[in-house]
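**Q** Questions regarding the structure given below will be posed in turn.
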Amino acid sequence: MSVPVLDIRDLRLAFQGFDGRTEALKGISLSVNAEERVALVGESGSGKSVTARAVLGLIQERRDTELTGSIAFEGTELARLSTAGRRRLRGNRISMIFQDPVSSLNPVYRIGAQFLEVIRRREPRISKREGCARAAAKLSEVSITEPERVLSSYPFQLSGGMCQRVMIAMALINAPSLLIADEPGTALDVTVQDQTLRLMRQLVLEHRAAVLLISHNLGIVREYSDRLYVIYRGRIVEQGATDSVFRDPRHAYTRALLDAVPRITRTGIPVVGEDVEAFSAPCEIHAEAA
């Protein structure tokens, strides 16, 4: 059996603050196999983004955190790597697309300079000319028709949709094994969001990368992911094949998330389902994921 690209076991995370100790993750476990698209779903504050940051090694660099458990990338335990070793993985073998593309790009540097910095994570000695040519080619892959103009622009000179495409191109240019997409398209209108996600899915398939999609948008999750994990208050409460979970949700929190999706009635007025209070019920796992 092949080794998962990402394998998280019993991950626990706590922050030490002025008001005491706060637990953010309470023993979560999940895996992402090669070329698989897996979603981590939950409301704001449930622990989705801190999980992604722990995979990237960003949480480990903070002094106010307590992190236990196992995070293995391609069979290598990340805790055994030095800080420099984890940094070498970021933007190279593990890439991330952040939810707000405009604020994720540095406003004082041109796109070309930021692209070159990413490329040099994998090839430190590449020339500026060759790096820019490679960046322009990658921008063309994300349907940017004037890559040279974009490379010479500052982030604030581009639209949100254009910045998101730049972020996708940057994330994939070093051919990562794992792509983490944290709420991609949240800051975009629905039409641009749909175009961007379809483009990302196409490129991920071409590059044969595994994806961990972090989202609260169940419409995106249903269309984009093969499997999903539902996280609530730092715990995984349900997991399984995406179609199975949508067809037959087992946990009250999952049902509440599905009921909260607006539905258009005959009157044209959107409605949502009733609240579900039994979120503390025992975790149930779909047979397909067992």
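If you number the sequence shown the way the working numbering does, the last residue is 534 and the count never jumps.
Just so it is clear, CB atoms sit at the ideal spot from N, CA and C, and this is done for glycine as well.
None of the values given here were measured: they were computed from a predicted structure.
Using only the alpha-carbon positions, how far apart do Gly-478 and Ala-323 sit?
**A** Going by the C-alpha atoms only, they are around 21 Å apart.
**Q** Could you tell me which residues DSSP puts in a beta bridge with Met-406?
**A** In DSSP, Met-406 forms no bridge with anything.
**Q** By Cβ distance below 8 Å, which residues in the same chain neighbour Ile-303 in space, the five residues on each side in sequence not counted?
**A** Cβ within range, chain order: Leu-257, Val-294, Arg-297, Thr-309, Leu-311.
**Q** Can you give me the start and stop residues for the alpha helix (DSSP H) that Arg-364 sits inside?
**A** It spans 355 to 366 - the alpha helix (DSSP H) in which Arg-364 sits, taken as one unbroken run.
**Q** From the DSSP output, read off the bridge partner residues of Phe-317.
**A** According to DSSP, which records beta bridges pairwise, Phe-317 is partnered with Leu-250, Thr-320.
**Q** Between Gly-289, Ser-347, Gln-437, Met-340, which lies nearest to Leu-457 when the distance is taken from Cα to Cα?
**A** It is Met-340.
**Q** Roughly how many angstroms lie between the CA atoms of Ile-272 and Gln-446, to the nearest whole one?
**A** Rounded to the nearest angstrom, the two C-alpha atoms are 30 Å apart.
**Q** Hey, out of Glu-305, His-495, Phe-342, Glu-450, whose CA is closest to Arg-459's CA?
**A** Note on identity: in this sequence residue 459 is Ser, with Arg being the wrong assignment. If we check each option's Cα against that of Ser-459, Phe-342 comes out closest.
**Q** Leaving out five residues on either side along the sequence, give the residues of the same chain with a beta carbon under 7 Å from the beta carbon of Ser-384.
**A** The answer, listed in chain order, is Pro-391.
**Q** Assuming Asp-356 contacts Ala-381 (C-beta within less than 8 Å), just tell me the rounded distance between them.
**A** In the sequence as presented, Asp is not what sits at residue 356; that position holds Gly. Wrong, their Cβ atoms sit about 13 Å apart, outside the cutoff.
**Q** What would DSSP say about Cys-527, mapped onto helix, strand or coil?
**A** Note on Cys-527: pLDDT 49, under 50, position unreliable in the model; no value is reported.
**Q** With distances taken Cα to Cα, identify the nearest neighbour of Ser-376 among Gly-286, Val-362, Tyr-468.
**A** Strictly speaking, residue 376 in this sequence is Cys, with Ser absent from that position. Comparing Cα-Cα distances from Cys-376 to each of Gly-286, Val-362, Tyr-468, the minimum goes to Val-362.
**Q** Go to Glu-267, then tell me how far its beta strand (DSSP E) extends in each direction, as first and last residue.
**A** Where Glu-267 is concerned, the enclosing beta strand (DSSP E) stretches over 264 to 276.
**Q** Given a threshold of 16 other Cβ atoms within 10 Å of its Cβ, counted over all protein chains shown, does Val-394 qualify as buried or as exposed?
**A** Flag for Val-394 reads buried.
**Q** Buried or exposed: where does Asp-426 fall if 16 or more other Cβ atoms within 10 Å of its Cβ makes it buried?
**A** By the 10 Å Cβ count, Asp-426 comes out buried.
**Q** Asn-418 and Asn-336: beta carbons closer than 7 Å?
**A** A contact, by the Cβ cut-off of 7 Å.
**Q** To the nearest angstrom, report how far apart Ser-524 and Lys-270 are at their CA atoms.
**A** Residue placement at Ser-524 is flagged as unreliable, the pLDDT there being 45, under the threshold of 50; the coordinate-derived value follows with that caveat. Going by the C-alpha atoms only, they are around 14 Å apart.
**Q** For the region 486 to 495 against the region 314 to 323, are there 3 or more C-beta pairs whose distance is under 8 Å?
**A** Output reads no: the region 314 to 323 does not touch the region 486 to 495.
**Q** Of all the alpha helix (DSSP H) runs that stay within the bounds of the region 410 to 494, which reach a length of 4 or more residues?
**A** Runs found: 434 to 451, 462 to 468, 486 to 491.
**Q** Using 7 Å as the threshold, is the C-beta distance between Arg-364 and Ser-396 below it?
**A** Result no, Cβ atoms of Arg-364 and Ser-396 do not sit closer than 7 Å.
**Q** Going by the CB atoms, is the gap between Val-249 and Gly-319 shorter than 7 Å?
**A** No; because the gap between Cβ atoms is not below 7 Å, this pair is not in contact.
**Q** Who are Gly-289's beta bridge partners in DSSP?
**A** Beta-bridge pairing links Gly-289 to no other residue.
**Q** Return the chain-ordered list of same chain residues with a C-beta closer than 6 Å to the C-beta of Gln-260, the five sequence neighbours on each side being excluded.
**A** Hits under 6 Å: Asp-308.
**Q** Assuming contact is defined by CB atoms lying nearer than 7 Å, are Lys-292 and Gly-286 in contact in what I supplied?
**A** Going by C-beta atoms, Lys-292 is nearer than 7 Å to Gly-286.
**Q** Could you check where the alpha helix (DSSP H) with Ser-384 kicks off and where it finishes?
**A** From DSSP, the alpha helix (DSSP H) with Ser-384 extends over 372 to 385.
**Q** For Thr-498, does the count of other Cβ atoms within 10 angstroms reach 16, so buried, or fall short, so exposed?
**A** Counting Cβ neighbours within 10 Å, Thr-498 comes out buried, since at least 16 surround it.
**Q** Which residue's Cα is closest to the Cα of Ile-464: Arg-265, Val-505, Leu-416?
**A** Per the Cα distances, Val-505.
**Q** CB Tyr-541 to CB Leu-284, shorter than 7 Å?
**A** In the structure displayed, the chain extends from 245 to 534; residue 541 sits before or after that span and is not available.
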